[in-house]
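My numbering runs 3 ahead of the 1-based position in the sequence shown.
Where a beta carbon is used, it is the ideal one built from N, C-alpha and C, also for glycine.
Right, one structure below, let's go through it.
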Amino acid sequence: MSTVPRSDVAIIGAGPVGLFAIFECGMLKMSCQVIDALDVVGGQCAALYPEKPIYDIPGYPQIGAMELIDRLTEQAAPFNPVYHLNQRVDSLAREGEDWLLTTSTGTQLRARAIIIAAGVGAFGPNRPPLADLESYEGKSVFYLVKRREDMRGKRVVIAGGGDSAVDWALSLADVAARVMVVHRRDKFRAAPDSAAKLKALAQSGRIELVVPYQLEGLEGSGGALSAVIVKDLDRGVRRLEADVLLPFFGLAMNLGPIAQWGLNLERNHIKVDPATCATSAPGIFAIGDIASYPGKLKLILSGFAEAAMAAHAIYPLVHPGEVLHFEYSTTKGVPGASAGHD
Ligand SMILES: Cc1cc2nc3c(=O)[nH]c(=O)nc-3n(C[C@H](O)[C@H](O)[C@H](O)COP(=O)(O)OP(=O)(O)OC[C@H]3O[C@@H](n4cnc5c(N)ncnc54)[C@H](O)[C@@H]3O)c2cc1C
């Protein structure tokens, strides 16, 4: 008897679409395990724009990206998903009627069907080439800010010149003890409005622009940072006393191992049947940003509909011989919710 954990469905990617797929599978009595390369759920919403408002989620005139993720996680919770975070699915192999998935940490899991909701591929931050960087990562060097409050009272160095660097500088100016923005040019690539706000905050002394400088080294011990060393193009060096470094040099996104799984690909996307989201491999479905079909819109709301279609298409694989009677959630209810009225 195999000791490898088994579920009906394995969902690769815990972005908004993967999270909603847990709910849709759960409503059809299918259990899920969910794997993500990031150490938090939420995909692009969590990693790229947690504090931005989204305006095109039906029923929410405006909702913060992280709030949407919290709600999706809550909506999935009654179906008891098992999350395997901080690990990338590296390989898939057939094992009888099941698929066997192996992750970058060596974890193995089995499932009857797979939903790939991997967005633009596994995320990884572009890491600055600094000596001893690993010993600070996750302790005082962070590539994404999970909660703004974590930065309260800290001396924060932000490195980078794009939207993330500028947006976080603006956001943290109110909570951090000090915000220093290191960029190799004095022009920022962020939205013009945000770049203008950044300059205004610098002029009022609320933040310091350390330009044109680049990261050179870190000082500290035991993972606790005491200073960030920067240098300019003439090799002039400055020592910025700091508790936290936030390097925002973008996220490297690549399909990575997914490209090796023998699926029918089209320009880094997985081609699917638009009626079912089935890929070219039996039992493997793809939804959300990674799925491609004529007329595809890369929107969260399209991904939600694809999650429902994939779950319905998977049902006969998990419950062979059982006829699926289509039912509304209002009729079925969800586990733990009080019954509705007739
Ligand atoms: C700045 C910005 C603003 C946006 N605004 C909007 C908006 O207003 N409205 C809207 O509808 N959309 C918006 N989007 C797009 C929206 O975020 C995406 O459409 C959505 O995130 C796609 O969800 P997803 O679950 O398919 O993939 P993602 O959110 O990309 O999540 C995929 C997850 O899969 C993981 N993964 C990938 N490969 C593997 C692997 N091999 N093993 C393990 N894990 C893996 C990744 O780490 C990632 O966490 C915006 C995007 C950006 C960048």
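- Counted as a single uninterrupted DSSP element, the stretch harbouring residue 194 is not any alpha helix (DSSP H), since DSSP gives it neither H nor E.
- The three-state reading of DSSP puts residue 315 in helix, counting H, G and I together.
- Its Cα nearest to that of residue 142, the residue 228 stands out among 282, 193, 173 and 228.
- Look at residue 151 here: in three-state DSSP terms it is helix.
- DSSP, reduced to helix, strand and coil, places residue 280 outside both helices and strands of the structure shown, so it counts as coil.
- Taking C-beta atoms as the reference points, residue 119 and residue 293 count as a pair closer than 8 angstroms.
- When the beta-carbon positions are compared, residue 12 and residue 125 stay at least 8 angstroms from each other.
- The three-state reading of DSSP puts residue 261 in helix, counting H, G and I together.
- For residue 74, the enclosing alpha helix (DSSP H) has its first and last residue at 68-79.
- Between ligand 1 and the CB of residue 118, the shortest heavy atom gap is not smaller than 7 angstroms.
- Residue 171 and residue 249 have their C-alpha atoms spaced approximately 9 angstroms apart.
- Burial check for residue 272: the Cβ neighbour count within 10 Å reaches 16 or more, so the residue is buried.
- Taking residue 110 as reference, the option from 28, 325 and 38 with the minimal CA-CA separation is 38.
- When Cβ pairs closer than 8 angstroms are counted between the two stretches, the segment 162-171 is seen to touch the segment 179-199, the count reaching three or more.
- The residues 148, 175, 178, 179 and 247, in chain order, have a CB closer than 8 angstroms to that of residue 154 in the same chain once the five nearest residues on each side in sequence are set aside.
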